[in-house]
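Chemist: Handing you a structure now.
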DNA sequence: CCAAAGATGCGCT
DNA sequence: GCGCATCTTTGGG
């Protein structure tokens, strides 16, 4: 007979095994993976505590276009983009870590661009406090993960620990807890120079959380639906 | 040395 | 809300 604490641990482990995303999830076209990742939950164990965030914004990158790091050529730092689908690719963007996952197609990947903290029975009660420890100032929950480097900092994910590695049910993985995503905004990626395929509509946002993403197309005066962005119904 | 798939505060509308 | 200047750290030529 297991003690209650062991039972809880077992239950936790079984839930992880049931719902975590495996390599076959990522072994698809980068845009499909980018869309499917919306509503999925990043879970990272940091100092014995489980931290989690719901993905609300992603970008797809292909070796065959000019915005991707892989299109710049193979280097050791970029090797994870060329590794099998489901390999974690992390790099430093302006001094802070950024999280990507390789997909089907050598050199193709998805950038996880923003998320919001997600609390449930698996996460630590003091999760928000631990996320906030990454920042000098006190931040409201919706400002903890709304940026590709901010979410890595809040979840305490480092390049040294996770670049070119695989997800792992005991430390860091992506979970499918069946959250509903009914509409997706498809629009242009951010921070891409005009001559590097900036026009491609490879950025995806969970419509219901557009107000929490890095840059909301719905409230822009200059962007027009049908030209600069589309709303996809699932 | 400097470019790079950022984040922020400030001033303006 | 938007554009712009300025701060940031690392890997690669």
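Residue numbers (the working numbering): 1045 to 1278.
Backbone N, C-alpha and C define an ideal beta-carbon position, used for all residues, glycine too.
Does the segment 1071-1084 come into contact with the segment 1095-1110, if we say contact requires no fewer than three beta-carbon pairs (one atom in each stretch) closer than 8 Å?
Modeler: yes
Chemist: Which complete beta strand (DSSP E) runs does the segment 1144-1204 hold, if anything under 3 residues is left out?
Modeler: 1153-1161
Chemist: So, using beta-carbon positions, are residue 1113 and residue 1196 closer together than 8 Å?
Modeler: What you label residue 1113 is simply residue 69 of the first chain in a count that begins at 1. What you label residue 1196 is simply residue 152 of the first chain in a count that begins at 1. It is not a contact, given that the beta carbons lie outside the stated cut-off.
Chemist: Could you spell out the range, first to last residue, of the beta strand (DSSP E) harbouring residue 1276?
Modeler: For the purposes of this step, residue 1276 is taken as residue 232 along the first chain, with counting starting at 1. First-last of the beta strand (DSSP E) with residue 1276: 1273-1277.
Chemist: Could you pull the start and end residues of the alpha helix (DSSP H) that residue 1225 belongs to?
Modeler: The residue you call residue 1225 lines up with position 181 of the first chain. Note, residue 1225: premise wrong, no alpha helix (DSSP H); not H, not E.
Chemist: Are residue 1109 and residue 1244 touching if we call contact CB-CB under 8 Å?
Modeler: Sequence index remark: in the first chain, residue 1109 carries index 65 (1-based). Sequence index remark: in the first chain, residue 1244 carries index 200 (1-based). Against a cut-off of 8 Å, the Cβ pair of residue 1244 and residue 1109 comes out as a contact.
Chemist: Can you tell me whether DSSP reads residue 1255 as helix, strand or coil?
Modeler: Numbered from 1 along the first chain, position 211 holds the residue referred to as residue 1255. It is helical.
Chemist: Under a three-way DSSP split, which group does residue 1219 fall into?
Modeler: As a working mapping, residue 1219 is identified with position 175 in the first chain. DSSP places residue 1219 in strand when its eight states are reduced to three.
Chemist: DSSP beta-bridge partners for residue 1087?
Modeler: On the first chain, residue 1087 is found 43 positions in, with the first residue counted as 1. Answer is 1096, 1217, bridged to residue 1087.
Chemist: Are the CB atoms of residue 1124 and residue 1132 within a distance shorter than 8 Å?
Modeler: Looking up residue 1132 in the first chain gives position 88. Looking up residue 1124 in the first chain gives position 80. Taking 8 Å as the Cβ cut-off, residue 1132 and residue 1124 qualify as a contacting pair.
Chemist: So, are the CB atoms of residue 1152 and residue 1074 less than 8 Å apart?
Modeler: The residue labelled residue 1152 in the question sits at position 108 within the first chain. The residue labelled residue 1074 in the question sits at position 30 within the first chain. Contact check for residue 1152 against residue 1074 passes: the beta carbons are separated by less than 8 Å.
Chemist: Given that a residue counts as buried once 16 or more other Cβ atoms are within 10 Å of its Cβ, and exposed if not, what is residue 1161?
Modeler: Numbered from 1 along the first chain, position 117 holds the residue referred to as residue 1161. With a 10 Å radius around the Cβ and a threshold of 16 neighbouring Cβ atoms, residue 1161 comes out buried.
Chemist: According to the Cβ coordinates, are residue 1070 and residue 1130 closer than 8 Å?
Modeler: Taking the first chain and counting its residues from 1, the one referred to as residue 1070 is at position 26. Taking the first chain and counting its residues from 1, the one referred to as residue 1130 is at position 86. Closer than 8 Å, so yes.
Chemist: Using the three-state DSSP reduction, which class does residue 1141 fall into: helix, strand or coil?
Modeler: Here the question's residue 1141 lines up with position 97 in the first chain. The answer is strand: DSSP assigns residue 1141 an E or B state.
Chemist: Check for me: the beta strand (DSSP E) holding residue 1248 runs from which residue to which?
Modeler: Taking the first chain and counting its residues from 1, one reaches residue 1248 at position 204. Per DSSP, residue 1248 belongs to the beta strand (DSSP E) from 1247-1250.
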